[in-house]
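See structure below.
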Amino acid sequence: MASIFITLLTLLLLENFTTSLYIIQTNEDEHGFQSANYGSMTEQRAFQLLSLSLTGRSNSDAFLEQLYVPPGERPIKFFWSGFGISGSAEVAAEIASYHNGVTLEMILEWPENAAVKQQMCTWPAWGDVSPTAEACKEQWRRLSEVYAEKTRGPAIPILGEQVAPTSVWLTHEKNALHKSQQKGNYVYGFQKPMDLYEVYCIKMAKQKTSYPELKARICTKQTA
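Numbering (mature numbering (1 follows the signal peptide of the UniProt record, and there is no 0)), first residue to last: -20 to -1, 1 to 204.
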């Protein structure tokens, strides 16, 4: 089983390599709240996810479809990418709350999504390219896609200066929102993203923050 596991990982890495050969890689968005008690991705679960992914089957994480996303225009659904810091999910949530909105990580904390959260994994450490790490990231990518598919009303992305071409926003969420709109679903606003610096460092400059160090890093970094 170990040899099959390695073969699957090799194929997956080769597939990713061919799509990113001419792309300058930037920091990948770390999804999930740092304080949240997510579980761990096991090797057995990773093997199952990777094998199903490579064979084109999409039913490996059926529980993700159970994600509850509030219907209608309120609260506003926010997406985020390219902040370039650890704790990006917390910053995005603070911005969303300021605008009476929610992010994926926020609704994942709701009682309605307890069963989904229980099966999610902690985002792997930077530089971890193990099969379990890749499987965990793929799980978050798919959950993000489900969040976008179920979003109705305004869908507002908050984008920093480090949005990678391979970011979940560009590869999964934005595409899902566009397809949903093409199907006639009432979803709009994602074509006009908020700029992280403008909203967090200018519009919310005097707003009390729970993350002063993170805000200082973002606002100092983008004015340097």
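The C-beta atom is built at its ideal place from N, Cα and C for all residues, glycine as well. These figures come from a predicted structure and were not determined experimentally.
What does a CB cutoff of less than 7 Å around residue i pick up in its chain, not counting 5 residues either side in sequence?
{"i": "residue 68", "result": "9, 10 and 60"}
{"i": "residue 78", "result": "184 and 187"}
{"i": "residue 154", "result": "170"}
{"i": "residue 122", "result": "41 and 44"}
Looking at the unbroken beta strand (DSSP E) that takes in residue i, where does it start and where does it end?
{"i": "residue 111", "result": "Here residue 111 belongs to no beta strand (DSSP E); instead the alpha helix (DSSP H) covers 111 to 130."}
Can you tell me whether residue i is helix, strand or coil according to DSSP?
{"i": "residue 167", "result": "strand"}
{"i": "residue 57", "result": "strand"}
{"i": "residue 276", "result": "Limits of the chain in this structure are -20 at one end and 204 at the other, which puts residue 276 out of reach."}
{"i": "residue 49", "result": "coil"}
{"i": "residue 174", "result": "strand"}
{"i": "residue 182", "result": "helix"}
{"i": "residue 4", "result": "At residue 4 the pLDDT is 34, less than 50, meaning the model places this residue with poor confidence; the figure from the coordinates comes in the next sentence. Three-state result, residue 4: coil."}
What are the start and end residues of the alpha helix (DSSP H) that includes residue i?
{"i": "residue 154", "result": "154 to 162"}
{"i": "residue 94", "result": "94 to 98"}
{"i": "residue 105", "result": "Here residue 105 belongs to no alpha helix (DSSP H), and DSSP marks it neither H nor E."}
{"i": "residue 68", "result": "68 to 78"}
Pull the bridge partners of residue i from the DSSP assignment, please.
{"i": "residue 208", "result": "Residue 208 lies beyond the stretch modelled for the chain, which goes from -20 to 204, so this question has no answer here."}
{"i": "residue 194", "result": "Note: residue 194 sits in no beta bridge, so no partner."}
{"i": "residue 133", "result": "167"}
{"i": "residue 62", "result": "According to DSSP, which records beta bridges pairwise, residue 62 is partnered with nothing at all."}
{"i": "residue 82", "result": "57"}
Contact defined as beta carbons within less than 8 Å: I believe residue i pairs with residue j. What is the distance between those atoms, to the nearest angstrom?
{"i": "residue 170", "j": "residue 135", "result": "4 Å"}
{"i": "residue 139", "j": "residue 175", "result": "7 Å"}
{"i": "residue 126", "j": "residue 47", "result": "5 Å"}
{"i": "residue 84", "j": "residue 124", "result": "6 Å"}
{"i": "residue 133", "j": "residue 53", "result": "3 Å"}
Within its chain, find whatever has a CB closer than 8 Å to the CB of residue i; leave out the 5 residues flanking it on each side and keep chain order.
{"i": "residue 194", "result": "65, 67, 70 and 71"}
{"i": "residue 131", "result": "49, 57, 157, 160 and 167"}
{"i": "residue 43", "result": "95, 96 and 99"}
{"i": "residue 191", "result": "67, 70, 71 and 74"}
What residues in its chain sit with their C-beta under 6 Å from that of residue i, if we drop five residues either side in the sequence?
{"i": "residue 102", "result": "18"}
{"i": "residue 37", "result": "Per-residue confidence for residue 37 stands at a pLDDT of 47, beneath the threshold of 50, marking its modelled position as unreliable; the derived number appears in the next sentence. Correct list: empty, nothing qualifies."}
{"i": "residue 108", "result": "none"}
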